[in-house]
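Take a look at the structure below.
Residue numbers (the working numbering), protein chains in the order written: chain A, 17 to 380; chain B, 24 to 329.
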């Protein structure tokens, strides 16, 4: 194995990630070929399905909103050297907070007060669900990866219990709460744009995407332009140096995980306040885990995460459209692509490094 | 009284039925974890194996071939994990998550491409399955016995052999093993392959022994329960076996407890019983009930110096 010489920054930021993603997509192409579908035909349908009309763009952006929230959640923890696999559960419990707030207050509060309160509740509950594993790691020394995995399952069990036994709407056959009143609904994008004279096709895209963009900016400012963010990154880079510099590791662990959980709660805002307008089961399905892929692909930087979220949103929407034309190509393909991206951009991230090194050495 | 014994026997048999894939998976995971490789991907390996077993058995009519293909599928995943974590020193948790997601997607995608039944494989006839050996209604197929034998086998291999000693050493302090002239890489690969073998058996049990087809996400978190059992058993075979039995019993009881009122407590929610393995593991890890200490080098890639 060649000694690890550092690569130039442009290769590290652009070339390596692109090779990793290319490897993932080439592998997908081979599998698509194996089941007897022309991968280029499928790719064309996917791109048209994701970006072909203003409606499909709306869907793409709506999915991208979820991916941005969970991607940011994973990234903030990554920067602190913590691996939060619990985004799934944190988004779920965030939904519980959001739903409880709206169900309790939507008949009394006006929309301008109800919505921010519901968003805060989603963030607070998501943060609380992440705070327990963080506390257990910081004070009791239990491994955060294992605890967050276990908490995903606990969250799922808790939500099923609450939805089936407590929060279910009277007379409802399916486990879902009563619908939110108008004050508890986040306006859809086509309504907002329509009101100011820009007609766009109806889609589930709602104002949550503005929140997601703000979250991207907020995370960037926090991590790179505040003392708190600096401390957090120091701990992630070198915990020993951080301790030596007087950083309270326990406090920073709590801070990082709470932020992470709060960001994961954003999925609940998009799904419940923006689309379902009631508390439902499984609205979080798969977004928490996909957040790992988004964060890895975006190299844990908000700009990269935004781009990766857009790509994943496009895949999700294009994948859904694909099934109409090629019945064998269901949305499950997106899951395969996610898995391969995590494998190649994450676990095998160093695979192409020697190749790039030897090419660069030859060019020089 | 007789009724009580019938119920007891039925519950015990049900416990063993539910615990079998957990035991196999946990024993596999033990090898990997004791060698220093975290295995979050047990779930994915088991799922891939379950799919391979049901598909092969449905296409060829031979459950034995299905069993072989299940092992092949799980070993493929295990090798991918090894390639990423051992050869390329990638993050072991990331690799495990990738394997879980990949398996969840691939099994459905391939299932739809092959059978066009929404990811389900065709129902298997009795001769395409592994059937009970001695007691018709107990479900005591060969893999149940394999699971029971896997525990003393694992305990012996890890505790009493030279290979096991080295395996444990490599999980605690790979540098020492390397300095003794033993290949860390090869040792860890063997551990990962053993893990794949057992996860393969567990997956085959789900689709061609316990059930008669593969269904989307049919592992339903059992790989993670097995992981919890390893931790609960403090990374030792017999205690991990005990944890599997407890978790299996909880599952068996959960089904019977539905709608039953416990005197003095009232109705216990099924979901609480289902969440108990995870909660107990969290409590244990936090040191509230005993202390679970992981192999020291678990999760740390080994980099050979030059």
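Note that the Cβ used here is the ideal one computed from N, Cα and C, for glycine as well.
query, result
"Which of helix, strand or coil DSSP assigns to residue 284 (chain B)", "strand"
"Cβ-based neighbour list, residue 192 (chain B), same chain, cut-off 7 Å, excluding 5 preceding and 5 following", "199 and 200"
"is_contact[residue 237 (chain B), chain A] using C-beta, thresh 9 Å", "no"
"Cut-off 8 Å between Cβ atoms - residues of its own chain near residue 315 (chain A), not counting five sequence neighbours on either side", "29 and 33"
"Minimum length 4: unbroken alpha helix (DSSP H) runs contained in the region 99–180 of chain B", "115–138"
"Own chain partners of residue 296 (chain B) with C-beta closer than 6 Å, once the 5 adjacent residues on each side are dropped", "273 and 277"
"Outcome for residue 291 (chain A) when other beta-carbon atoms lying within 10 angstroms are tallied against a minimum of 16", "buried"
"Of the residues A:71, A:82 and A:143, the one placed nearest residue 283 (chain A), counting alpha carbons only", "A:82"
"Per-residue burial, residue 129 (chain A) [other beta carbons within 10 Å of its own, 16 or more giving buried]", "exposed"
"Where residue 247 (chain B) meets chain A, residues with beta-carbon distance less than 8 Å", "165, 166 and 169"
"Contact residues within the region 295–309 of chain B, judged by C-beta distance below 8 Å to chain A", "295, 297, 298, 301, 302, 304, 305, 308 and 309"
"Nearest-angstrom Cβ-Cβ length linking residue 288 (chain A) and residue 115 (chain A), presumed shorter than 8 Å", "6 Å"
"Any non-hydrogen atom of the ligand NAD closer than 8 Å to residue 26 (chain A) Cβ", "The model on display carries no ligand, and the ligand NAD is accordingly not part of it."
"Residue-chain proximity (residue 366 (chain A), chain B), Cβ-Cβ < 9 Å", "yes"
"Cβ pair count under 8 Å reaching 3, the region 134–142 of chain A against the region 291–307 of chain A", "no"
"CB contact below 9 Å: residue 241 (chain A) versus chain B", "no"
"Close-in-space but distant-in-sequence residues of the same chain around residue 284 (chain B) (CB under 8 Å, 5 per side omitted)", "290"
"Sequence-distant residues of the same chain with beta carbon closer than 6 Å to residue 62 (chain A), five excluded per side", "334 and 338"
"From B:105, B:29, B:80 and B:81, residue whose alpha carbon lies closest to that of residue 213 (chain B)", "B:105"
"Span separating the alpha-carbon of residue 156 (chain B) from that of residue 321 (chain A)", "54 Å"
"Residues near residue 152 (chain A) in its chain [Cβ-Cβ closer than 7 Å; skip 5 each side]", "158 and 163"
"Pairwise C-alpha distance: residue 270 (chain B) and residue 307 (chain B)", "14 Å"
"Same chain only: Cβ atoms within 8 Å of residue 311 (chain B), ignoring 5 sequence neighbours per side", "none"
"Residue 86 (chain B) versus residue 109 (chain B): straight-line alpha-carbon distance, rounded", "33 Å"
"Candidates A:186, A:298, A:101 and A:310: closest to residue 273 (chain A) by CA position", "A:101"
"Under the three-state DSSP convention, the category residue 36 (chain A) falls into", "helix"
"Residue 206 (chain A) classed as buried or exposed, judged by whether at least 16 other C-beta atoms fall within 10 angstroms", "buried"
"Completely contained alpha helix (DSSP H) runs for the region 81–121 of chain A, where each covers 4 or more residues", "103–121"
"Residue burial classification, residue 25 (chain B) (beta-carbon count within 10 angstroms, cutoff 16)", "exposed"
"Cutoff 9 Å: residue 51 (chain A) Cβ touching any chain B Cβ", "yes"
"Sub-9 Å separation of residue 344 (chain A) and residue 228 (chain A) beta-carbons", "no"
"Bridge-paired residues (DSSP) for residue 385 (chain B)", "Because chain B is modelled from 24 through 329, residue 385 (chain B) falls outside the range shown and cannot be assessed."
"Extent of the continuous alpha helix (DSSP H) run through residue 68 (chain B)", "65–83"
"Neighbourhood of residue 365 (chain A) by C-beta, 8 Å cutoff - its chain only, sequence neighbours within 5 removed", "32, 36 and 312"
"Cβ contact check for the region 240–252 of chain A and the region 212–220 of chain A: 3 or more pairs under 8 Å", "no"
"Limits of the alpha helix (DSSP H) - the one that residue 328 (chain A) falls within", "318–341"
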